[in-house]
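Visitor: Shown below is the structure under consideration.
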Amino acid sequence: EAAFGSKVALLLVEIQQLAAIERTLLATIGADDGRLSRGQVDLGLSLFTEQRTQTGSSISLIIFLTGAAVRLRHAADGLHEGPPSPELLAAARMAVDLYAPLANLLGLGKVKEALEDASFRMTHAAERAEMVRLMESTTSQAQLEGALLELRDALPRGVVCRARGARMDCALPGPGRGDPPPPPWDGLVSMAVSSRRKSAYSTWRKMANKGKDFDQILDRAAMRVVLDARTQEEATRLCFAVRDVVVGLWDSDLARGKDYISSPKPNGYQSLHLVVRRAGQPVEVQIRTEEMHRQAEFGSCGHWEYKAGDAVAPTEAAREAGEAIFARIDADGNGAIDASELRDALTGVGVKATQAEAEAMLEVFDADRDGAVGFADFWRAL
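To convert, note that position 348 of the sequence shown is 348 in UniProt numbering; the numbers rise steadily by one, no gaps.
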């Protein structure tokens, strides 16, 4: 603390607490298929999000998840030396089952994709290689950037756009700088267009979950338009004006279009969705106002507490998973965990801990400070 300051010292303590949670969960992953059960995922989400709630900050969790992604990627890079060990497979599956959803809740899209991709490389190397090949052969980032330029050129005269890689920003010129565009475009304040390719893992998972072939996945490339206008009414009209431009620019499958602006989803989500074909390949286009985007990302459809509140509340399945954790650690079955048992459990999954470290972990669980950690103490601490 003297060297780094109290805030950094506290952050390090929080990260160590997260690492202890990770070690505890790793000790429960079954040796048969190495997958986390639904109860274990529920329990893990509860543990990590409770730590965030107690600290009032996501910083330590962000650092922890980013570090996990980096470690897993480096481990995946070394797979040419041989197949992954059981410990690495367990870490890979925990990354995709638990850490990736947590990263998604925090809005860490790149961290989420890094965790999923590293896990995909370890657990399904051949499938990943084929999926990457298919993605590269059908939709490149250069093609998406070309689509942005085509959209720019199709917009009404007077709308000025600047394209930069996978993003394009549009607005009206200042007063006296050219003729204004026709209504409703004259009410435009700003418009941002972004493009992205679906990750190889997400595409593969969607194919598996829905029983579809690669060519049936229509959102493997996507564009999103987020716009603002002088009033919400003008912004809504502009959404439909953009849709008309898109439909006139590329072949579209109107039967697959969804108007969630006129008919919002039950959770309040609003947006226009349509699928177009550019150079024979499908591209999903989403169009929404800035207010709709804020609602989707941070409001009742997307806020952390909304997403995490129902998902991470301790369920009966989570309690059963907690009992399984306790039983695995309580080797002698006497109903209490001691430091030696905890240390042996960690060693069993390749995590080295000293006796002092094991004793320190048990102090966290011993809520009533009676020197014994039974299941009641254990569950209360979780």
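Each residue gets a CB set at the ideal place from its N, CA and C atoms; glycine is no exception.
Determine which residues share a DSSP beta bridge with MET191 and list them.
Guide: Its beta-bridge partners are CYS170 and LEU227.
Visitor: For GLN281, does the three-state DSSP call read helix, strand or coil?
Guide: In this structure, GLN281 counts as strand in the three-state DSSP scheme.
Visitor: Assess contact between the region 186 to 203 and the region 162 to 175, defined as three or more Cβ pairs (one per stretch) separated by less than 8 Å. Is contact present?
Guide: Yes, they touch.
Visitor: Taking only the alpha-carbon atoms, compute the straight-line gap between PRO84 and ALA92 and give it to the nearest angstrom.
Guide: For PRO84 and ALA92, the distance between alpha carbons rounds to 10 Å.
Visitor: Within 10 Å of its beta-carbon, does SER202 have 16 or more other beta-carbons around it, so buried, or fewer, so exposed?
Guide: Buried, since its Cβ has 16 or more Cβ neighbours within 10 Å.
Visitor: Does DSSP put GLN286 in a helix, in a strand, or in coil?
Guide: Residue state, collapsed to three classes: strand.
Visitor: Taking the continuous beta strand (DSSP E) assigned at ALA208, which residues delimit it?
Guide: Here ALA208 belongs to no beta strand (DSSP E); instead the alpha helix (DSSP H) covers 200 to 210.
Visitor: What are the boundary residues of the beta strand (DSSP E) that ARG243 is part of?
Guide: That residue, ARG243, is in no beta strand (DSSP E); its alpha helix (DSSP H) goes 232 to 249.
Visitor: Start and end of the beta strand (DSSP E) containing ARG164?
Guide: Here the beta strand (DSSP E) through ARG164 covers 160 to 164.
Visitor: Can you name, in chain order, every residue of its own chain whose Cβ lies under 6 Å from the Cβ of GLN281, other than the five neighbours on each side?
Guide: Hits under 6 Å: THR138 and THR139.
Visitor: Work out the CA separation of MET207 and ARG328 for me, nearest whole Å.
Guide: Near 36 Å, if we compare the C-alpha coordinates of MET207 and ARG328.
Visitor: Alpha carbon to alpha carbon, how far is GLY187 from ARG205?
Guide: If I take the Cα positions, the gap works out to 42 Å.
Visitor: What residues in its chain sit with their C-beta under 7 Å from that of LEU254, if we drop five residues either side in the sequence?
Guide: Cβ neighbours of LEU254 beyond the five flanking positions: none.
Visitor: Quick check: the Cα distance between VAL159 and ASP179, rounded to an integer number of angstroms?
Guide: When rounded, the distance between both Cα atoms is 10 Å.
Visitor: With C-beta atoms as the reference, is GLY333 less than 7 Å away from GLY374?
Guide: Not a contact, by the Cβ cut-off of 7 Å.
Visitor: Using 7 Å as the threshold, is the C-beta distance between HIS293 and VAL246 below it?
Guide: Not a contact, by the Cβ cut-off of 7 Å.
Visitor: Determine the contact status of ALA75 and ARG128, defining contact as a CB-CB distance below 7 Å.
Guide: Contact: no.
Visitor: Run the CB neighbour count on PHE116, radius 10 Å, all protein chains shown included, and call it buried at 16 or more, exposed below.
Guide: The sequence given here places Glu at residue 116; Phe does not occur at that position. By the 10 Å Cβ count, GLU116 comes out buried.
Visitor: Label ARG220 either buried or exposed according to how many other C-beta atoms from any shown protein chain fall within 10 Å of its C-beta, with 16 as the threshold for buried.
Guide: Counting Cβ neighbours within 10 Å, ARG220 comes out buried, since at least 16 surround it.
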